[in-house]
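Report on one structure; see the data block that follows.
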Amino acid sequence: MNNTWIFDLDGTLVDKGIYAKIFPVIIQALKDQKEVSQEKIDETIAEVGEDTWSICHRLDALDMYYEILLGYIEDGELIPGTLEVLQKLKTKGTKIILASNSHRRTIEMHLLKHDIAKYFDIIWGNEDAGDKKTDSYWDQLKMTANLKEPTVVSDDLRDIEQAKKRGWKTIHLGTDVITLKDIKFEED
Ligand SMILES: [Mg+2]
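Numbering of the sequence shown is given in my numbering, commencing with residue 3 and proceeding in unit increments.
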């Protein structure tokens with residue numbers, strides 16, 4: 003029987019270190035390129051948190067944000083084992099879903115860079131559910147994809163907990179397996 007696997011993106015398939023790396027770069031660029039004062043930056047962070055997308059969105063600097071992010075994504079690597087796992091599942095006829103907190107434009111930059119869009123039947127991001135990975139995000143994905151008993155693969159315990167409370171199967175990277183390469187498939 004064909005089943006469904008759901009993959010998180012950041013820290014599961016691609017290096018999530020990018021976001022920590024770009025934080026100071028974005029803040030500096032807001033000052034240098036957009037002439038935003040430190041006071042305004044502090045005020046914005048106090049309002050929206052330390053998420054660089056939200057900060058730039060609030061300061062009308064998303065063009066600059068994506069330009070900087072693209073440079074880091076271009077230099078980024080896939081997490082080892084990603085291609086092998088996706089290819090293996092695809093060969094078995096598994097439905098593969100990407101479930102990310104990121105915005106579609108960011109997701110597409112990653113997929114294009116690594117040429118992996120072709121593996122996914124559904125790409126589910128922030129805009130699709132109108133929110134980050136809340137109950138509603140997962141409920142809407144479940145309904146849209148008609149999910150029965152999928153397997154969720156993620157480095158994030160919150161994804162694993164969301165899956166478990168729905169009775170789904172889970173693979174918590176770093177806990178259940180060390181890396182994607184350690185995932186065992188049924189016929190192995
Ligand atoms: Mg993650």
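Note that the Cβ used here is the ideal one computed from N, Cα and C, for glycine as well.
Item: Bridge-paired residues (DSSP) for ASP12; Value: VAL16
Item: Of the residues LEU80, ILE8, SER39 and VAL155, the one placed nearest ILE185, counting alpha carbons only; Value: VAL155
Item: Three-state class that DSSP yields for SER102 in the structure shown; Value: coil
Item: Segment contact, 8 Å Cβ cut-off, at least three pairs: the segment 124-138 with the segment 101-112; Value: yes
Item: Proximity test, LYS135 beta-carbon vs ligand 1 heavy atom, cut-off 7 Å; Value: no
Item: Beta-carbon proximity of ILE75 to LYS120, cut-off 8 Å; Value: no
Item: heavy atom of ligand 1 below 7 Å from THR177 C-beta; Value: no
Item: Limits of the unbroken beta strand (DSSP E) element including TRP126; Value: 124-126
Item: Ranges of the beta strand (DSSP E) found wholly within the segment 54-139, counting only runs of at least 3; Value: 97-101 and 124-126
Item: Assigned secondary structure, LYS171 (DSSP; H/G/I helix, E/B strand, else coil); Value: strand
Item: Start and end residues, beta strand (DSSP E) containing VAL154; Value: 153-156
Item: Rounded distance between the beta-carbons of THR6 and LEU175, thought under 8 Å; Value: Contact doesn't hold; Cβ gap of about 18 Å is too wide.
Item: ALA48 burial status per 10 Å Cβ neighbour count (16 or more: buried); Value: exposed
Item: Coil, strand or helix - VAL27 by DSSP; Value: helix
Item: SER138 burial status per 10 Å Cβ neighbour count (16 or more: buried); Value: exposed
Item: Simplified DSSP assignment, three categories, for THR146; Value: helix
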